[in-house]
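This report refers to the structure that appears directly beneath it.
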Amino acid sequence: MYNPGKEHWQMMKPIFRYLKGMFDIGLIYSSHTSCALTTFLDFDYVADLDRISFVIGHAFTIGNSLVSWKTTLDSTIALSRTKVEYMALAEATKKGIRMKGLISDIGFS
């Protein structure tokens, strides 16, 4: 944001309070910890009388620590299960590429 106003500050205050209370919590990696980025991906149909939707989820771990996850209810109309699998895989792959770049930027190999 280039020009945050008072309302933006008011929205950020609870986040800052939360972070201040969590100062001593974090992810710890020792020299023996594997820094491999691992992705888990899953999806499932959710059918009701009005529509068919999909629950799509993915999780990323570094070593044994969960570092990112997302679950969405996707109401995209897909003609096949394969297309939904492809869409879920493409979304997780894009995020994985960003995660790998971030890991590289902070010095993990």
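For the sequence shown, counting from 1, position 48 maps to 94 in the working numbering; every step adds exactly one. Beta carbons are placed, not taken as given, at the ideal position from N, Cα and C, and that holds for glycine.
| Item | Value |
| --- | --- |
| Where do the N-terminal and C-terminal ends of the beta strand (DSSP E) with I120 fall, by residue? | Before going further, note that residue 120 is Asp rather than Ile in the sequence given. S111 to D120 is the extent of the beta strand (DSSP E) around D120. |
| If I follow the unbroken beta strand (DSSP E) through G103, where does it start and stop? | I98 to I108 |
| Do three or more CB pairs link the region 49-64 to the region 80-92 at distances below 8 Å? | no |
| Please look up how many angstroms separate the CB atoms of M157 and L65, rounded, as I've assumed it's under 8 Å. | This structure cannot speak to residue 157, because the chain is shown only from 47 to 155. |
| Taking the alpha helix (DSSP H) that I61 belongs to, which residues open and close that run? | K52 to G67 |
| Rounding to the nearest angstrom, what Cα-Cα distance links S80 and I108 in this structure? | 7 Å |
| Look at the alpha carbon of F100 and the alpha carbon of D120, and state the distance between them as a whole number of angstroms. | 5 Å |
| Hey, quick one: how far does the alpha helix (DSSP H) through D151 stretch, first residue to last? | R127 to D151 |
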